[in-house]
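Numbering (the working numbering), first residue to last: 286 to 817. Beta carbons: idealized from backbone N, C-alpha and C, even for Gly.
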Amino acid sequence: MSDGQDCDVIVVGAGFAGLYMLYRLRRAGFRTRVFEAGSGVGGTWYWNRYPGARCDVESMEYSYSFSDELQQDWEWTERYAGQPEILRYANHVADRFGLRPDITFDTRVTQAVFDEEGRRWRVTTDTGETVLASFVVMATGCLSSTNLPEFEGRDSFLGETYHTGRWPHGGADFAGRRVGIVGTGSSAIQAIPIIAEEAAHLTVFQRTPNYSIPARNAPIDPAYVREIKAEYREFRARNLRMHAGFGSKVHHNDAPALSDDPAAREANYDARWHHGGFAFLGAYNDLLRSREANETAAEFVRERIRDVVDDPEVAERLCPDNVIGCKRPCLDTGYFETYNRPNVELVDAGERPIERITPQGIVAGGREFDLDCIVFATGFDAMTGAVLGIDIRGRGGKTLKQMWDAGPRTYLGLCTVGFPNLFLITGPGSPSVLTNMIVSIEQHVDWITACLDDLRRTGRATIEATRQAQDDWVDHVNAVAGVTLYPTCNSWYLGKNIPGKPQVFMPLIGFPPYAQKCAEVAADGYQGFDLD
Ligand code: N01
Numbered sequence: 286m287s288d289g290q291d292c293d294v295i296v297v298g299a300g301f302a303g304l305y306m307l308y309r310l311r312r313a314g315f316r317t318r319v320f321e322a323g324s325g326v327g328g329t330w331y332w333n334r335y336p337g338a339r340c341d342v343e344s345m346e347y348s349y350s351f352s353d354e355l356q357q358d359w360e361w362t363e364r365y366a367g368q369p370e371i372l373r374y375a376n377h378v379a380d381r382f383g384l385r386p387d388i389t390f391d392t393r394v395t396q397a398v399f400d401e402e403g404r405r406w407r408v409t410t411d412t413g414e415t416v417l418a419s420f421v422v423m424a425t426g427c428l429s430s431t432n433l434p435e436f437e438g439r440d441s442f443l444g445e446t447y448h449t450g451r452w453p454h455g456g457a458d459f460a461g462r463r464v465g466i467v468g469t470g471s472s473a474i475q476a477i478p479i480i481a482e483e484a485a486h487l488t489v490f491q492r493t494p495n496y497s498i499p500a501r502n503a504p505i506d507p508a509y510v511r512e513i514k515a516e517y518r519e520f521r522a523r524n525l526r527m528h529a530g531f532g533s534k535v536h537h538n539d540a541p542a543l544s545d546d547p548a549a550r551e552a553n554y555d556a557r558w559h560h561g562g563f564a565f566l567g568a569y570n571d572l573l574r575s576r577e578a579n580e581t582a583a584e585f586v587r588e589r590i591r592d593v594v595d596d597p598e599v600a601e602r603l604c605p606d607n608v609i610g611c612k613r614p615c616l617d618t619g620y621f622e623t624y625n626r627p628n629v630e631l632v633d634a635g636e637r638p639i640e641r642i643t644p645q646g647i648v649a650g651g652r653e654f655d656l657d658c659i660v661f662a663t664g665f666d667a668m669t670g671a672v673l674g675i676d677i678r679g680r681g682g683k684t685l686k687q688m689w690d691a692g693p694r695t696y697l698g699l700c701t702v703g704f705p706n707l708f709l710i711t712g713p714g715s716p717s718v719l720t721n722m723i724v725s726i727e728q729h730v731d732w733i734t735a736c737l738d739d740l741r742r743t744g745r746a747t748i749e750a751t752r753q754a755q756d757d758w759v760d761h762v763n764a765v766a767g768v769t770l771y772p773t774c775n776s777w778y779l780g781k782n783i784p785g786k787p788q789v790f791m792p793l794i795g796f797p798p799y800a801q802k803c804a805e806v807a808a809d810g811y812q813g814f815d816l817d
């Protein structure tokens, strides 16, 4: 397959997906090159260095499972690892498995064009390099293309501006400064308590209040580590049977919320609230299917906000009224408590929207807030932004942008019609962001590696999804989402955070049936794909 090509496979991105893809492809004997825009490995954890950045999946689970030696050797220090520790881990993996020589850093892939006659991809980078390869794997991440809203006058601001997803390596100095932060998603909720401690004054511009559950982060319990390491493989296997690919240590109550009386329900929520993390949403089996059930959990959280926040008006402004879990839930350390500080002000940017940015600060609801620094915690063009940021041209010169004009369409979240030999890791239409990302990454990488190996073994040059399989898959993803409460709010799962983005529920709900389907498709001779 390598005749006339510079390499067999090009992988775009050296985050957790790209690193593992490279490791597997190399071991399978495919000549592989990885291009990475950053100067180092780690993807999300390379770019998101904002104060307080931390994973919301526990350390013993948010790590690779492919090497038992790796998982036995590596020592996490906290229940939820912070960004510096996860980045050290990514670097350790790159060094341990000798991956760096095949990664070209500081190089962004700008174009990928499929040559139908030669049946190969011609990939171009912003450093002027052009490389030919049989296959391209997009390991570009689901949350990597930052969203910086086009506020009027944005570039006129004379102070410093930051985006949480592109934090400077040297950090930011907020001591004695008046800081404004736009957004109250996961990034802001982690950053706000820390910035508030450092800054002279912090103004939070909140368009939509968000639910947040205490993480209860702490130094990792050595007894727990020993327990997991004694049966790591079994623990990982149990997690693969979980709806989101993690959390098998937590009891997921298979009963509806209204089957408990109010006192029992309160006690159940309370125990989970004190345990910390996503265990809260495992309290009942219908929290994301029944509005009535959901409201019991939502009201429990609102009550905790009212308990914590001293000023009742501020507390009410912080209380969300949408479905809990409909947007990605946030985990925090002292978030709501931060609003009791005298140097923190909450601006309701839903009621009093940001009108413009001036050289001195932000104008919202007719009032100008003088600022020295603005932090945009405004999220990402999720799931499609990074892929569509590359000029990808498939059969007939059609661009991926054209093909996804009305929203992304894929078969299994792995491939898309008209783009042979192009794979997406954790693409739209796969469970991806609704799971422990590393679990989904490993499942996709293993599937793609086995697929390329099968193609090589059987002498096939191309694989391409059929239109019928893709159409059926898109219908399936929508049907699964349609019986839940997920599509009921302005989430980035739906693309609603980006003006003009087509609104399609992008991830597939439910990891185990999905992984089983992928395995069946492969076992059945790549059912739903044309092999040539
Ligand atoms: O981004 P977000 P994020 N005017 O999109 C607001 C993962 N993650 O970076 O809700 C005013 O959630 C926007 O307001 P609204 C995790 O999957 C994980 O925080 O659209 N405000 C919202 O408040 C997460 O879900 C971890 O009304 C504007 C905020 O900006 C995902 O990344 C940590 C605006 C954006 O929130 C994204 O999180 C961090 C405008 N024009 C991130 N535009 C952990 O593992 C946007 N906003 C813990």
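Checklist entry - When we look at the beta-carbon of Asn-625 and count the other beta-carbons within 10 Å, is it buried (16 or more) or exposed? => result exposed
Item to check | Inter-residue spacing [alpha-carbon to alpha-carbon] between Tyr-331 and Glu-321 | outcome: 11 Å
Next on the checklist: In whole angstroms, give me the CA-to-CA distance for Glu-551 and Ile-474.
Outcome noted: 25 Å
Checklist entry - Where do the N-terminal and C-terminal ends of the alpha helix (DSSP H) with Ile-474 fall, by residue? => result 471-483 is the extent of the alpha helix (DSSP H) around Ile-474.
Checklist entry - What residue does the beta strand (DSSP E) around Trp-777 start on, and which one ends it? => result Neither: Trp-777 is in no beta strand (DSSP E) and is coded neither H nor E.
Checklist entry - DSSP state of Ala-804, grouped into three classes? => result In the three-state scheme derived from DSSP, where H, G and I count as helix and E and B as strand, Ala-804 is classed as helix.
Checklist entry - Is Asp-606 near the ligand N01, in the sense that its beta carbon is under 7 Å from a heavy atom of that ligand? => result no
Checklist entry - Would you say the beta carbon of Thr-663 comes nearer than 7 Å to a heavy atom of the ligand N01? => result Thr-663: yes, Cβ under 7 Å from the ligand N01.
Item to check | Proximal residues to Arg-846 (C-beta, below 6 Å), its chain only, five neighbours per side dropped | outcome: Since the first and last residues shown for the chain are 286 and 817, residue 846 lies out of range.
Next on the checklist: Closest to Glu-343 by C-alpha separation, out of Thr-362, Gly-698 and Pro-336, would be which residue?
Outcome noted: Answer by Cα proximity: Thr-362.
Next on the checklist: Following a CB-centred definition, is Val-724 positioned closer than 7 Å to any heavy atom of the ligand N01?
Outcome noted: no
Checklist entry - Just the Cα atoms here: how many angstroms apart are Tyr-365 and Arg-501? => result 9 Å
Checklist entry - Is Asn-579 near Glu-346, with beta carbons less than 8 Å apart? => result Going by C-beta atoms, Asn-579 is not nearer than 8 Å to Glu-346.
Checklist entry - Thinking just about the alpha-carbon of each residue, which of Thr-734, Glu-482 and Tyr-509 is nearest to the one in Tyr-620? => result Of the candidates Thr-734, Glu-482 and Tyr-509, the residue whose Cα lies closest to the Cα of Tyr-620 is Glu-482.
Checklist entry - Are the C-beta atoms of Tyr-347 and some chain D residue less than 8 Å apart? => result Of the chains in the structure shown, none is chain D; there is only one protein chain.
Checklist entry - Since Thr-488 is in the beta strand (DSSP E), which residue starts that stretch and which ends it? => result 486-491
Checklist entry - In angstroms, rounded to a whole number, what distance separates the CA positions of Asn-775 and Tyr-799? => result 25 Å
Checklist entry - DSSP three-state call for Met-306: helix, strand or coil? => result helix
Next on the checklist: Need the endpoints of the beta strand (DSSP E) that Glu-653 sits in, please.
Outcome noted: Run containing Glu-653: 652-655, per the beta strand (DSSP E) assignment.
Checklist entry - For Leu-779, which option in Ala-485, Arg-574, Gly-692 and Ile-295 has the closest C-alpha, if you only look at C-alpha atoms? => result Gly-692
Checklist entry - To the nearest angstrom, how far is it from the Cα of His-454 to the Cα of Arg-373? => result Approximately 14 Å between the Cα atoms of the pair.
Checklist entry - Less than 7 Å between the CB of Thr-618 and some heavy atom of the ligand N01, yes or no? => result no
Checklist entry - Exposed or buried, which one is Glu-653 when buried takes at least 16 other CB atoms within 10 Å? => result exposed
Checklist entry - Shortest alpha-carbon distance to Ala-583 belongs to which of Asp-606, Gly-328 and Trp-732? => result In terms of Cα proximity to Ala-583, the closest of Asp-606, Gly-328 and Trp-732 is Asp-606.
Checklist entry - Do you know how far the Cα of Asn-706 is from the Cα of Gly-682? => result 15 Å
Item to check | Ser-324 burial status per 10 Å Cβ neighbour count (16 or more: buried) | outcome: exposed
Checklist entry - Is any heavy atom in the ligand N01 found nearer than 7 Å to the beta carbon of Cys-340? => result yes
Item to check | C-alpha gap between Glu-622 and Ala-375, whole angstroms | outcome: Spanning the two alpha carbons is a distance of roughly 33 Å.
Checklist entry - According to DSSP, is Pro-797 helix, strand or coil? => result helix
Checklist entry - DSSP on Met-345, reduced to helix/strand/coil? => result If DSSP states are grouped into helix, strand and coil, Met-345 belongs with coil.
Next on the checklist: Looking at the ligand N01, does it come within less than 7 Å of Phe-442, judged from the CB to the closest heavy atom?
Outcome noted: no
Next on the checklist: Excluding the 5 residues flanking Gln-368 on each side, which residues of the same chain have their C-beta closer than 7 Å to its C-beta?
Outcome noted: Trp-330, Asn-333, Arg-334, Ala-338 and Arg-339
Checklist entry - With burial defined as no fewer than 16 other Cβ atoms inside 10 Å of the residue's Cβ, what is the status of Arg-407: buried or exposed? => result It is buried - the Cβ of Arg-407 has at least 16 other Cβ atoms within 10 Å.
Checklist entry - Taking Cβ positions, are Ile-477 and Ile-466 nearer each other than 8 Å? => result With respect to the 8 Å criterion, Ile-477 and Ile-466 are classified as neighbours on the basis of their beta carbons.
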